[in-house]
Amino acid sequence: MTTNAAPQPSFPEPRSLDQRSLDHRSPVRSGTRPKPILFPARERDTDLTPKLWLKDLSLSYKVDNGSRLLALDNINLKVKPGEFLCIVGPSGCGKSTLLHLIAGLQHPSSGSVLVDSHKVDAPGTDRILIFQELGLFPWLKVGENVEFGIKMKGIPKAERLERVQRYLRLVHLSQFQDSYIHQLSGGMRQRVALARALATEPDVLLMDEPFAALDAQTRDLLHDELERIWAETGRTIIFVTHNVREAVRLGDRVALLTFRPGRLKRGYSVDLPRPRHLEDITVAKTAREILDDLREEINKSLEEQYGAEAAR
Amino acid sequence: MGLKRLGKNLIFYAVLLGTWALLAALKVWPPYLFPTPKGVTEALYAGFQDHSFWIAIAVSMRRVLIGYVISIVLGTLLGLSVASNKFLEETMGGLLVSLQSLPSICWWPLALLWFGLSQNAILFVVIMGSLLSVTMAMEDGRKQMPKIYAMAGRNLGARGFPLFWYVLLPASLPFIVSGLKQGWAFAWRSLITAEMLYMSLGLGQVLMMGRELNDMSQVIAVMILIIAIGYVVDGLVFKTIERRMQHKWGLTPAT
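This is the structure we're talking about:
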C-alpha cells in the first residue's frame, strides 16, 4: 500500500523507522498505562528510499575549559516523503540544533544527513528552515521577502512575481505584498515566513517552534492552515516544538528527544484521523502518554539546572 | 509643531544677525577685523558672481567625494576583516582605536613626502580622516547585526557576494549609518584643512586667500559656505537614508 508517491489527502500511515535507534535507550517502565506504539520496523519499508535520513548523527561542541559537550548523540531517523514528523523534547535537548544540521547551517561531528540519499554539506533550497525568530528581512517588503530565495536561485523576474503571488495567496496575505514586516501582526509574520520558505519549493520544510510566541487563537488558525498547505503542497515537514499536544495535533509521528545529550528516546505513531483539533480528547489522550515520558526528561533538565545553581 | 520650531529658529537667527550688525555698527573693532553682515553678503554675492565660489565648491566636492568613496570601499574591507578575524580584532582593533585620536592633518607631512605637493596628497589626508570612522562603523555593524539575518540568508540560498550585498549590508545599515555620517564629517573637515595648506583651488584655499588679502568678509563668507555644505549633505543624504530605513524597519524616527 505504501508507495513512494506524493502524499494523498488520506494521510499516510506512519511506519518505517529504524527501530534500533529509537528504543535502544528507552528506559524500562512498568506497564501501568498502555505502552505507546513504537515505530514498527518492517523489513519491506527499508527498501523504500527515505526523503530524509539522519544517519548516526552526533554533534559535540568544544566548551571553554577544553572539554567537549555532547549535544546530539547518535541520532538515527528516517522520514518518508510527504511525512509530517514532530520532534519534542525539553529545552536544551538540541532540537533546534538538529534542524540546523539538517538545514546544513551547522556540520555534524559524525554521521550524516541524507536527502534523497545525497549527503548534505551546505545549506540548500531543497531544505528550508523556518527559524523560531523567523529572520524575516525588515528592509524588504513582504513580497520581496517571499521573493528572496527564488531570486538567489536566479529564477527570472516574471516567474518570481508569479510565484510570490501564488504563495502569498496560499497564506492569505495577498493584500500585504507591499507592507513592511513591522506593520504585520505576529500571526501574519509567521505566514510570511511560511510563504518565503514555500516559494523556493523545498522538498523538506523545517520548522523550529514556529508558533511558540503566538496567542492561542492565532496558533489554532495557523495549525489548520499549515495542515491544509501541507496537504496541498505535499511537502515533507519536520516540526520542532516543546508543546506535545501541538505535536500530536500536527504530526504523523512524534519523536521524543532526551535532555542533554539529545538522543532519540522514543517514537510514537499518531494514528488519529484528520483533521484534528488541539482540544480533541483523542489528541489529549495521546499527548498525555508522550508527556509522561517527556516529564522525566524535563525533570532531568530541571535537576541539572537547579542542582548547578545550588552548588554555586 | 514644525511651524513653531521654524518660528523659534527665525527669532534666534534674527537676534544673532541683529547682534552681529549692532556690534559691527558700533565699530568696537575695525571693519577689516570684524566685518558687517552686509559686507559678508556682498562677498558671497561677488564670489558667486565671478564664479570663484562655484569653482571652489566644485573642486572641493569632487575631492571629498572621491576620498569618501575610497574610504568606504577600503573601510568596508578592513572593517569586515577585523570583525571576522579574531587575530586581527585583537591586534589591529586596538591600533584602529588609538589611531582615531590622531588628527588626520598629522598625515600631511608624510603625504607631502609620498605624493608631493599634489591632489593625491590632499586625497590621502581626506581618506585617512574618514577611513577609521568607516572601518569601525563596519566592524561594529558586522558584530552587532543580529546573526539570524545571515543564517536566514544562507538558508535561503544566498552565499558569497549576494549574501553580503543583499543581506549583510542592509542588515547592518542601522548600525553603520551613524559611522558613515561621522566618516563624511571627518572627510569634509580634513579636506578643508588640507586645502588651506596648499594652493589648490578648493574652498580651503579661497578661505586662506581671504586672510592674505585681509578680506575678513570673504573669510566669513567661505566659512558660511563650508558649514552650509556640511549641513546640506547631512540633511539631504544621511537624513534621507535614516528616514527611509526607519520607515522600513519600523523604528521610531528621532524627533
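Chains as they are written, first to last, in the working numbering: chain A, 134 to 445; chain B, 786 to 1040.
The beta carbon of each residue, even a glycine, is placed where N, CA and C say it ideally should be.
Quick caveat: nothing in here was measured; it's all calculated off a predicted structure.
Inset, instruction - Tell me, please, whether the segment 930 to 948 of chain B touches the segment 267 to 274 of chain A by the rule of three or more beta-carbon pairs shorter than 8 Å. - result: Yes, they touch.
Legend entry - Minimum Cβ-Cβ distance from B/Thr1025 to chain A less than 9 Å: Interface with chain A (9 Å Cβ-Cβ cutoff): B/Thr1025 is excluded.
Inset, instruction - Would you please state the rounded distance, in angstroms, between the beta carbons of B/Pro822 and B/Ala843? I believe it to be under 8 Å. - result: So it is not a contact: roughly 27 Å between Cβ atoms.
Inset, instruction - Sort out for me which residues DSSP pairs A/Ile261 with in a bridge. - result: Beta-bridge pairing by DSSP links A/Ile261 to A/Leu338.
Inset, instruction - Measure how close the beta-carbons of A/Met285 and B/Gly942 come, nearest whole angstrom, since I'm counting them as under 8 Å. - result: About 4 Å separates the beta carbons of A/Met285 and B/Gly942, which is inside the 8 Å limit, making them a contact pair.
Inset, instruction - Buried or exposed for A/His157, please, with buried defined as at least 16 other CB atoms from any protein chain shown within 10 angstroms of its CB. - result: No answer about A/His157 holds up, because its pLDDT of 39 lies below 50 and its placement is not dependable.
Inset, instruction - Could you please tell me which residues of the segment 283 to 307 of chain A, in chain order, have their CB closer than 7 Å to any CB of chain B? - result: For the segment 283 to 307 of chain A, which is checked against every Cβ of chain B, the residues closer than 7 Å are Met285 and Lys286.
Legend entry - Simplified DSSP state of B/Leu859, which is helix, strand or coil: B/Leu859: helix per DSSP, three-state reduction.
Inset, instruction - Over the uninterrupted alpha helix (DSSP H) stretch that includes A/Phe217, give me the two end residues. - result: Counted as a single uninterrupted DSSP element, the stretch harbouring A/Phe217 is not any alpha helix (DSSP H) but the beta strand (DSSP E) occupying residues Phe217 to Val221.
Legend entry - A/Arg386 in three-state terms, based on DSSP: In the three-state DSSP reduction, A/Arg386 falls in the strand class (E or B).
Inset, instruction - Assuming B/Val910 and B/Ala896 form a contact by the criterion Cβ under 8 Å, report the distance between their Cβ atoms to the nearest whole angstrom. - result: Rounded, the Cβ-Cβ distance is 6 Å, consistent with contact.
Inset, instruction - Note down the Cα distance separating B/Gly1041 from B/Phe1023, rounded to an integer number of angstroms. - result: Examination of residue 1041 of chain B is not possible in this model, given that chain B is present from 786 through 1040 alone.
Inset, instruction - Under 8 Å between beta-carbons, which chain B residues line up against A/Ile261? List them in chain order, please. - result: At a C-beta separation below 8 Å, A/Ile261 has these neighbours in chain B: Asn940 and Leu941.
Inset, instruction - Give the residues from the segment 221 to 239 of chain A that approach chain B closer than 9 Å (Cβ to any Cβ), ordered along the chain. - result: Under the 9 Å Cβ criterion, the segment 221 to 239 of chain A contributes His233, Ala236, Gly237 and Leu238.
Legend entry - As assigned by DSSP and simplified to three states, the class of B/Leu791: DSSP places B/Leu791 in helix when its eight states are reduced to three.
Legend entry - Inter-residue Cα distance where the pair is A/Leu354 and A/Leu327: Cα to Cα, the separation comes out at about 14 Å.
Inset, instruction - Look up A/Thr369 in the DSSP assignment and say whether it is helix, strand or coil. - result: If DSSP states are grouped into helix, strand and coil, A/Thr369 belongs with the strands.
Legend entry - Coil, strand or helix - B/Asn999 by DSSP: When secondary structure is reduced to three states using DSSP, B/Asn999 falls in the coil class, being assigned neither helix nor strand.
Inset, instruction - Could you pull out every residue in the same chain whose Cβ sits closer than 6 Å to the Cβ of A/Val381, ignoring the five residues on either side in sequence? - result: For A/Val381, where only same-chain residues beyond five positions count, the Cβ hits under 6 Å are Val403, Val416, Thr419 and Ala420.
Legend entry - CB contact flag (A/His375, A/Gly222, <9 Å): A distance below 9 Å separates the beta carbons of A/His375 and A/Gly222.
Inset, instruction - Please state if the CB of B/Ile855 and the CB of B/Ile912 are separated by a distance shorter than 9 Å. - result: It is a contact, given that the beta carbons lie within the stated cut-off.
Legend entry - Whether A/Ile261 touches A/Val373 by CB criterion (9 Å): By the CB criterion at 9 Å, A/Ile261 and A/Val373 fall outside the cutoff.
Inset, instruction - Please work out which residues of its chain come closer than 6 Å, Cβ to Cβ, to A/Val337, disregarding the five sequence neighbours upstream and downstream, and give them in chain order. - result: Contacts found: Leu185, Arg260 and Thr369.
Legend entry - Any 3 or more C-beta pairs closer than 8 Å across the segment 431 to 442 of chain A and the segment 385 to 393 of chain A: Verdict: yes, contact present.
Legend entry - alpha helix (DSSP H) segment containing B/Leu829, residue limits: Run containing B/Leu829: Pro822 to Gln834, per the alpha helix (DSSP H) assignment.
Inset, instruction - Determine the burial state of B/Met984: buried for a count of at least 16 other Cβ atoms within 10 Å of its Cβ, exposed for fewer. - result: Exposed: under 16 other Cβ atoms inside 10 Å.
Inset, instruction - Spell out whether any CB of chain A is found under 9 Å from the CB atom of B/Tyr951. - result: For B/Tyr951, the closest Cβ of chain A is nearer than 9 Å.
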